[in-house]
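Q: Add 66 to a position in the sequence shown, counting from 1, and you land on the number used in our numbering. Ideal placement from N, C-alpha and C gives every residue a C-beta, glycine not left out. Since we're looking at a predicted model, the values are computed, not measured.
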Amino acid sequence: MPSADHESVENASLNGSEQRPYKRVLLKLSGEVLMGDTAFGIDTNTINRLARELIEVQQSGIELAIVIGGGNIFRGMSGTASGMDRASADYMGMLATMMNSIALQDAIERQGATVRVISALHIKEIAEPYIRRRAVRHLEKGRILVFAAGTGNPYFTTDTAASLRAMEIQADAVLKGTKVDGVYTSDPAKDPSAKKYETLTFTEALAKRLGVMDATAMSLCRDNHMPIVVFDVTTPGQLLKAISGEAVGTLVQES
Numbered sequence: 067m068p069s070a071d072h073e074s075v076e077n078a079s080l081n082g083s084e085q086r087p088y089k090r091v092l093l094k095l096s097g098e099v100l101m102g103d104t105a106f107g108i109d110t111n112t113i114n115r116l117a118r119e120l121i122e123v124q125q126s127g128i129e130l131a132i133v134i135g136g137g138n139i140f141r142g143m144s145g146t147a148s149g150m151d152r153a154s155a156d157y158m159g160m161l162a163t164m165m166n167s168i169a170l171q172d173a174i175e176r177q178g179a180t181v182r183v184i185s186a187l188h189i190k191e192i193a194e195p196y197i198r199r200r201a202v203r204h205l206e207k208g209r210i211l212v213f214a215a216g217t218g219n220p221y222f223t224t225d226t227a228a229s230l231r232a233m234e235i236q237a238d239a240v241l242k243g244t245k246v247d248g249v250y251t252s253d254p255a256k257d258p259s260a261k262k263y264e265t266l267t268f269t270e271a272l273a274k275r276l277g278v279m280d281a282t283a284m285s286l287c288r289d290n291h292m293p294i295v296v297f298d299v300t301t302p303g304q305l306l307k308a309i310s311g312e313a314v315g316t317l318v319q320e321s
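In structure tokens, the structure reads:
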């Protein structure tokens, strides 16, 4: 499976004539990113800005698939903490990701690009069922692809879904877009002395419990040599820089 080495991530240029390090990527977005400055739900300006950047990526020739979390609407673990059955709470979280996926599809289509939502849960009225070969064909045709409903199974996070789908479509990397500009030694919002990592190995990230992704997702990427780039997707322009190979955020890969 193809992957980008650290040198290519540091040295690749935004110039379209340069060799880009990635041809096909899986972008993992947290649901909280869609909230913008609001406390809940989906901020219209934020999702429209994000849709414009996704279209820029598509137009640059990169094949783009996306997995979105649902934490801006409902988080399965919080439901479990309040006494819900874990499986029921996780299925509700999957439906939250479906809502986010449909909203993102609408924002992209209103700006003139072609996008498909593929769901791990069968909701045929609003999304195609997940079929790996069909998903790959959409990417080959230049369509933006949104994977909804996680893996379709409880007890698995959307981080794990992102890692799994990245393997299945043979992506070159997983890009995790968050509200933080990389991985730090501790939470930078709580610890002013926190230091940012430019690069990490999966083994270091797991051993230090740095919260890049959950352990299942990280182990899956490590075992299949899938690099992860953690970056701040809320800053305009960072997504295209990350995909184009500029050294933004934190690169996680085995040495």
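Ends of the beta strand (DSSP E) at Thr316?
A: Taking the first residue of the sequence shown as position 1, residue 316 is located at position 250. Counting along the chain, the beta strand (DSSP E) containing Thr316 begins and ends at 316-318.
Q: Please list, in chain order, all residues of the same chain as Ser229 whose beta carbon is under 6 angstroms from its beta carbon, the five residues on each side excluded.
A: If you number the sequence shown from 1, residue 229 lands on position 163. Answer for Ser229: Ala283, Leu286, Cys287, listed in chain order.
Q: Of all the options Ala186, Ile139, Thr244, Leu170, which has the alpha carbon lying nearest to the alpha carbon of Thr316?
A: For this step, residue 316 is matched to residue 250 along the sequence shown. For the residues Ala186, Ile139, Thr244, Leu170, the minimum Cα distance to Thr316 belongs to Thr244.
Q: Look at Val181 and Ile139 and say whether their C-beta atoms are less than 9 angstroms apart.
A: Against the sequence shown, residue 181 aligns to sequence position 115. Against the sequence shown, residue 139 aligns to sequence position 73. Cβ atoms of Val181 and Ile139: not closer than 9 angstroms.
Q: Here's the rule: buried if 16 or more other CB atoms are within 10 angstroms of the residue's CB, otherwise exposed. What is Asp225?
A: Start at 1 with the first residue of the sequence shown, and residue 225 comes out as number 159. Flag for Asp225 reads buried.
Q: Smallest Cα separation from Ala131: which of Val202, Ala313, Val99, Ile108?
A: Position 65 of the sequence shown, counted from the first residue, corresponds to residue 131. Minimum Cα distance to Ala131 is reached at Val202.
Q: Would Pro293 be called buried (16 or more neighbouring beta carbons within 10 Å of its own) or exposed?
A: Counted from its first residue, the sequence shown places residue 293 at position 227. That one is buried.
Q: Could you round the C-beta distance between Leu161 and Val133 to whole angstroms and report it? I think they count as a contact, below 8 angstroms.
A: In the sequence shown, counting from the first residue as 1, residue 161 sits at position 95. In the sequence shown, counting from the first residue as 1, residue 133 sits at position 67. Not a contact, Cβ separation roughly 15 angstroms.
Q: Helix, strand or coil: which one does DSSP assign to Val202?
A: Taking the sequence shown and counting its residues from 1, one reaches residue 202 at position 136. It is helical.
Q: Mind checking who Ile210 pairs with in its DSSP beta bridge?
A: One-based indexing of the sequence shown puts residue 210 at position 144. Val181.
Q: Could you give the residue range of the beta strand (DSSP E) that holds Ala131?
A: Numbered from its first residue, the sequence shown carries residue 131 at position 65. Element bounds for Ala131: 129-134.
Q: If you compare alpha carbons, which of Val246, Tyr221, Gln304, Lys242 is closest to Arg152?
A: Numbered from 1 along the sequence shown, position 86 holds the residue referred to as residue 152. Closest by alpha carbon: Tyr221.
Q: Could you spell out the range, first to last residue, of the alpha helix (DSSP H) harbouring Gly159?
A: Working through the sequence shown from its first residue, we reach residue 159 at position 93. Looking at the DSSP string, the run of the alpha helix (DSSP H) that includes Gly159 is 152-176.
Q: For the ligand COA, is there a heavy atom less than 8 angstroms away from the beta-carbon of Gly243?
A: The ligand COA is not among the ligands present in this structure, which contains no ligands whatsoever.
Q: Hey, Lys51 and Leu241 are a contact pair by Cβ (cut 8 angstroms); roughly how many whole angstroms apart?
A: A query on residue 51 cannot be resolved here, the shown segment of the chain reaching from 67 to 321 and no further.
Q: Since Val299 is in the beta strand (DSSP E), which residue starts that stretch and which ends it?
A: Position 233 of the sequence shown holds residue 299. It is not in any beta strand (DSSP E) - Val299 carries neither H nor E in the DSSP assignment.
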